[in-house]
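Okay, so here's the structure we're looking at.
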Amino acid sequence: MDMLKKFAGSSLFLPVVALLVLLVFNTIFVDGFLSIQLTEDGRLYGRLVDILNRSCSLIILALGMTFVIATSGIDISVGAVVAISAAVVCTMIGGRGDGVAQMPMALAVLAAIGVGVLCGMWNGLLVAKFKIQAVVATLILMTAGRGVAQLMTEGQIITVYYKPFEYIAGFLPGMPLPTNIFIALAMVLLVAVLMKKTSIGLFVQSVGINATAARYAGINVTLVIFLVYAFSGLCAGVSGLIESSLIRAADANNAGLNMEMDAILAVALGGTLLSGGKFYIGGSVIGAITIQTLTTTMYALGVSADQLPVVKAIAVVIICLIQSKKAQEMFDAWKARRMSKQNGKKTSVDGKVAEQA
Amino acid sequence: MKNRLNQLIASKYFSFFVTVLLFAILYGAGIAMYKGFMRPQVFLNLFIDNAALIIVTVGITFTLIIAGIDLSVGAVLALVCMVLAWLLANTGLPVGVCVLLVMVMGTVFGAAQGYIISKFDLQPFIITLAGMFFCRGLTAVISQDTIQIENPTWVALASYRVDLGIGFVSIGAIVALLTIVVAAVVLGYTKFGRTVFAIGGSESSSALMGLPVFRTKVMVYAISGFCSSLGGLAYSLIMLTGYNLHGLGMEMDAIASSVIGGTLLTGGVGFIPGALVGVLIQGVILTFISFQGTLSAWWTKIVVGALLCVFIIMQAFITEQKSKLSSKSSMEDNNDPPIQPTPSGAES
Chain A
142 MDMLKKFAGS SLFLPVVALL VLLVFNTIFV DGFLSIQLTE DGRLYGRLVD ILNRSCSLII
202 LALGMTFVIA TSGIDISVGA VVAISAAVVC TMIGGRGDGV AQMPMALAVL AAIGVGVLCG
262 MWNGLLVAKF KIQAVVATLI LMTAGRGVAQ LMTEGQIITV YYKPFEYIAG FLPGMPLPTN
322 IFIALAMVLL VAVLMKKTSI GLFVQSVGIN ATAARYAGIN VTLVIFLVYA FSGLCAGVSG
382 LIESSLIRAA DANNAGLNME MDAILAVALG GTLLSGGKFY IGGSVIGAIT IQTLTTTMYA
442 LGVSADQLPV VKAIAVVIIC LIQSKKAQEM FDAWKARRMS KQNGKKTSVD GKVAEQA
Chain B
0 MKNRLNQLIA SKYFSFFVTV LLFAILYGAG IAMYKGFMRP QVFLNLFIDN AALIIVTVGI
60 TFTLIIAGID LSVGAVLALV CMVLAWLLAN TGLPVGVCVL LVMVMGTVFG AAQGYIISKF
120 DLQPFIITLA GMFFCRGLTA VISQDTIQIE NPTWVALASY RVDLGIGFVS IGAIVALLTI
180 VVAAVVLGYT KFGRTVFAIG GSESSSALMG LPVFRTKVMV YAISGFCSSL GGLAYSLIML
240 TGYNLHGLGM EMDAIASSVI GGTLLTGGVG FIPGALVGVL IQGVILTFIS FQGTLSAWWT
300 KIVVGALLCV FIIMQAFITE QKSKLSSKSS MEDNNDPPIQ PTPSGAES
């Protein structure tokens, strides 16, 4: 009982419960939802694997977004950066029908990630150095970024026939799980180790809670904010690789479309306050998986990709309201008023206590 | 000489002067490069083509002045176009009633966003970002395909031309100009307008002064919703369709126009005529691209993004310069300061 109470108070409560609800719903309504088979060539196959596979790019985006939001910023350009990174890798490998790469894939992959980091650094420069509000600074790249991606692909969808390119989001020969799950795992582990072994997490948190105080405490606030956006760009770059490998093409219009919303939703669901400060990497990861499960469930129910944002927008507003201090106070005051009505006698005392709180 | 320059930079209208100058240079370059730019109709077309953007920019300027933001404008515009097209196609309601319905819808949506933001003290960008996705999604729920408007009254309105002697303008352009005038008057000469600037300067001080902060904030977002839906009507008059992707990225165009026209993103400063010139600058860039003929339309977005960057950085520079000047002048001579430091509240 005690443990249950502790769990209910923890940051993981909301995303885990939401995930469980979705899983139970799917188990009841979708046939064979939980079954996982091993195919002949040693691959795991099933809906759960599929959800995990699809949620990888979102998990990676959510990692970067968690740090950005923890510094009380936001990065709404990630979707566009995903498109740019996808455009870079696909134009460099090239769409030759005979499956030959124009440039070595390693180089193309590095370039795509590098461009992602560059985009992140640009955002970081605007936010940290020029003190532009994070929304507006990243809004520039959000709308202009897709234009850049369009120019790179010359307005066309580049399809890559080079075989090894599929391995990024597909199965390496002999592996039971798709490669991108390992990529996501590696990035989560990397971040977790950094959090445990260094004080970076503490720096980010203190900048988010009070940037001025952090500066007086000797933290290089400008550098921390800059790095946080650069890391978000890196995550978006990796995510772009996975997204383009999934469809083996670069589609400047649709790659990473609406992903910024998913990433913000995942972070908020994971318990990180959108006003900055305390953040939860584990919560964001589970949040991302939950969002992907929600997306898959909605598709199964026949909701189209265009209509899905309605559901997600409502979810964001509800989570914001739950997190909001004001709403909490109002709820407490309302509860106190009801209690005092029932108790009758203690009216004035309870009412006053509630108001003070 | 240097003093004069400093005075100019410290002037409230400095970024407006820069904007007007930029517009004149761009237009002059257009005349030098293409003969067609000389025709007065090309100038009037700027108003016709950008009527919707002008109206939306006015709304977003209100939210920027109170140091808020409204990212939902483009999506509300798309929703209004779609609902209007749907109503005209599927119900027998008269045009006037349909227009009234969509206007009320947009305004109520804006007010609801404002209510959530102010009542629960949430960040405006996250709520309006959610609002943007909500409206886009809702537009797709109504129809994923384009809905044509074939209502004869609406089509007649769309093709109606107001002759000005040197050329003609559309009804949308006239509505846009009226919106500019009304907004400038409201911001500059009413109690409400003063309160808006005061909230932008400092929300807590305004509350302590006894100004109706909550009510004004909700009203500002309602105005933004109202302008988005009015912009939607103007857009619908040009496009004559309802479509899910109408007005995509318009929020950035509007914010860019407002900022180029002298609105400070930190709140408290804004200038409606400046916002108009900001839109016209974007219009000239678009005209350039269409006259040039070979450039991809994607360049517009990139150029607008770059312009926005330059102007924001310029603003940061001016603000720094101003604070330097005011601290210097108060140190030098208290009786007759050489430079009048401007208060952070601004004229409209």
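So the sequences go chain by chain: A and B.
Position one of the first sequence corresponds to residue 142 (this note's numbering), numbered consecutively onward.
Position one of the second sequence corresponds to residue 0 (this note's numbering), numbered consecutively onward.
All C-beta atoms in this analysis are idealised placements derived from N, C-alpha and C, irrespective of residue type, glycine included.
Chain-order list of residues whose beta-carbon lies under 7 Å from that of residue i (same chain, five-residue window excluded)
{"i": "residue 371 (chain A)", "result": "258, 261, 262, 265"}
{"i": "residue 72 (chain B)", "result": "55, 58, 59, 223, 227, 249, 250, 253"}
{"i": "residue 256 (chain A)", "result": "225, 226, 229, 378"}
{"i": "residue 301 (chain A)", "result": "231, 234, 236, 389, 390"}
{"i": "residue 68 (chain B)", "result": "62, 123, 124, 127"}
{"i": "residue 289 (chain B)", "result": "none"}
{"i": "residue 393 (chain A)", "result": "224, 228, 287, 290, 291, 294"}
{"i": "residue 325 (chain A)", "result": "197, 200, 201"}
{"i": "residue 112 (chain A)", "result": "Examination of residue 112 (chain A) is not possible in this model, given that chain A is present from 142 through 498 alone."}
Coil, strand or helix - residue i by DSSP
{"i": "residue 346 (chain A)", "result": "helix"}
{"i": "residue 162 (chain B)", "result": "strand"}
{"i": "residue 241 (chain B)", "result": "strand"}
{"i": "residue 501 (chain A)", "result": "Since the first and last residues shown for chain A are 142 and 498, residue 501 (chain A) lies out of range."}
{"i": "residue 290 (chain B)", "result": "helix"}
{"i": "residue 187 (chain A)", "result": "strand"}
{"i": "residue 273 (chain A)", "result": "coil"}
{"i": "residue 169 (chain B)", "result": "strand"}
{"i": "residue 132 (chain A)", "result": "This structure gives no information on residue 132 (chain A), because the portion of chain A shown stretches from 142 to 498."}
{"i": "residue 494 (chain A)", "result": "Low confidence applies to residue 494 (chain A): its pLDDT is 46, below 50, so where it sits in the model is not reliable, and the reading given next is rough at best. Correct three-state label for residue 494 (chain A): helix."}
{"i": "residue 335 (chain B)", "result": "The predicted model places residue 335 (chain B) with a pLDDT of 47, which falls under 50 and marks its position as unreliable; any figure quoted below should be read in that light. Coil, per DSSP."}
{"i": "residue 151 (chain B)", "result": "helix"}
{"i": "residue 350 (chain B)", "result": "The structure shown does not extend to residue 350 (chain B), since chain B is modelled only from 0 through 347, so no value can be given for it."}
{"i": "residue 188 (chain B)", "result": "helix"}
{"i": "residue 33 (chain B)", "result": "coil"}
{"i": "residue 239 (chain A)", "result": "coil"}
{"i": "residue 227 (chain B)", "result": "helix"}
{"i": "residue 208 (chain B)", "result": "coil"}
{"i": "residue 467 (chain A)", "result": "helix"}
Residues that DSSP places opposite residue i in a beta bridge
{"i": "residue 324 (chain A)", "result": "DSSP, once it has assigned bridges, lists no residue as partnering residue 324 (chain A)."}
{"i": "residue 300 (chain A)", "result": "A:390"}
{"i": "residue 394 (chain B)", "result": "In the structure as shown, chain B begins at 0 and stops at 347. Residue 394 (chain B) is therefore absent and cannot be evaluated."}
Close Cβ partners of residue i (< 8 Å) along its chain, the five nearest in sequence each way excluded
{"i": "residue 215 (chain B)", "result": "65, 191, 194, 195, 198"}
{"i": "residue 432 (chain A)", "result": "196, 199, 403, 406, 407, 410, 453"}
{"i": "residue 160 (chain B)", "result": "167, 168, 169"}
{"i": "residue 317 (chain A)", "result": "179, 183, 184, 185"}
{"i": "residue 168 (chain A)", "result": "174, 175"}
Own chain partners of residue i with C-beta closer than 6 Å, once the 5 adjacent residues on each side are dropped
{"i": "residue 246 (chain B)", "result": "73, 76, 77"}
{"i": "residue 279 (chain A)", "result": "216, 217, 218, 264"}
{"i": "residue 293 (chain A)", "result": "228, 232"}
{"i": "residue 230 (chain B)", "result": "51, 54, 55, 76"}
{"i": "residue 489 (chain A)", "result": "Residue placement at residue 489 (chain A) is flagged as unreliable, the pLDDT there being 48, under the threshold of 50; the coordinate-derived value follows with that caveat. Excluding sequence neighbours, residue 489 (chain A) sits near nothing in its chain."}
Using 8 Å as the threshold, is the region 81–88 of chain B in touch with the region 176–190 of chain B, meaning 3 or more CB pairs across them? The region 81–88 of chain B, when compared against the region 176–190 of chain B, does not touch it at the 8 Å Cβ threshold.
Count the CB pairs spanning the region 427–439 of chain A and the region 101–113 of chain B that are closer than 8 Å, and state whether there are at least three. no
Are three or more beta carbon pairs between the region 190–206 of chain A and the region 313–328 of chain A nearer than 8 Å? yes
Mind listing which residues of the region 458–471 of chain A have their C-beta closer than 9 Å to chain B's C-betas, in chain order? Listed in sequence order: 458, 461, 462, 464, 465, 466, 467, 468, 471.
Closer than 9 Å, Cβ to any Cβ of chain A: which residues of the region 289–310 of chain B, in chain order? 295, 296, 297, 298, 299, 300, 301, 302, 303, 304, 305, 307, 308
Against chain B: residues of the region 287–299 of chain A by CB proximity under 8 Å: 287, 288, 289, 291, 292, 296
To be precise: take each residue of the region 140–157 of chain B, compare its Cβ to all Cβ atoms of chain A, and keep it if any distance is under 7 Å. Which residues remain? When C-beta distances to chain A are compared with 7 Å, the residues of the region 140–157 of chain B below that value are 140, 143, in chain order.
Looking at C-beta atoms only, is the number of pairs between the region 161–176 of chain B and the region 99–107 of chain B that lie closer than 8 Å three or more? no
Between the region 285–292 of chain A and the region 294–314 of chain B, are three or more C-beta pairs nearer than 8 Å? yes
What are the residues in the region 98–128 of chain B lying within 8 Å of chain A by C-beta distance? 115, 118, 119, 120, 121, 122, 124, 125, 126, 128
Mind checking the region 263–292 of chain B against chain A and listing, in chain order, the residues whose C-beta falls within less than 9 Å of any C-beta there? 264, 265
If we count Cβ pairs, one from each stretch, closer than 8 Å, do we get three or more for the region 205–220 of chain A versus the region 404–419 of chain A? Yes, the region 205–220 of chain A touches the region 404–419 of chain A.
So, do the region 139–157 of chain B and the region 410–421 of chain A have three or more beta carbon pairs nearer to each other than 8 Å? no
Touching or not, the region 46–53 of chain B and the region 229–238 of chain B, by the rule of three or more beta carbon pairs under 8 Å? yes
Under 7 Å (Cβ pairs) to chain A, residues found in the region 244–258 of chain B: Listed by position along the chain: 248, 251, 254.
Could you run through the region 211–225 of chain B and flag, in chain order, every residue whose CB is less than 7 Å away from some CB of chain A? none
Residues from the region 315–331 of chain A in contact with chain B, defined by Cβ distance under 8 Å: none
Residues from the region 335–348 of chain A in contact with chain B, defined by Cβ distance under 8 Å: none
When you compare the region 9–24 of chain B with the region 200–213 of chain B, are there three or more beta-carbon pairs, one atom per stretch, that lie closer than 8 Å? Two segments are said to touch when three or more pairs of C-beta atoms, one from each, lie closer than 8 Å; by this definition the region 9–24 of chain B does not touch the region 200–213 of chain B.
Any residues in the region 440–454 of chain A with a beta carbon nearer than 7 Å to a beta carbon of chain B? Which ones, in chain order? The residues in question are 445, 447, 448, 449, 450, 451, 453, 454.
Selection of the region 20–51 of chain B by Cβ proximity to chain A, strictly under 9 Å: Going along the region 20–51 of chain B in chain order, one finds no residue with a Cβ nearer than 9 Å to chain A.
Could you list the residues in the region 261–287 of chain A with a C-beta less than 9 Å from some C-beta on chain B, going in chain order? 267, 271, 272, 273, 274, 275, 276, 277, 278, 280, 281, 282, 283, 284, 285, 286, 287
Along the region 408–419 of chain A, what residues have a CB closer than 9 Å to any CB found in chain B? Within the region 408–419 of chain A, the qualifying residues are 409, 415, 416.
When you check each C-beta in the region 184–198 of chain A against every C-beta of chain B, which residues fall closer than 9 Å? Taking a C-beta cut-off of 9 Å against chain B, none of the residues of the region 184–198 of chain A qualify.
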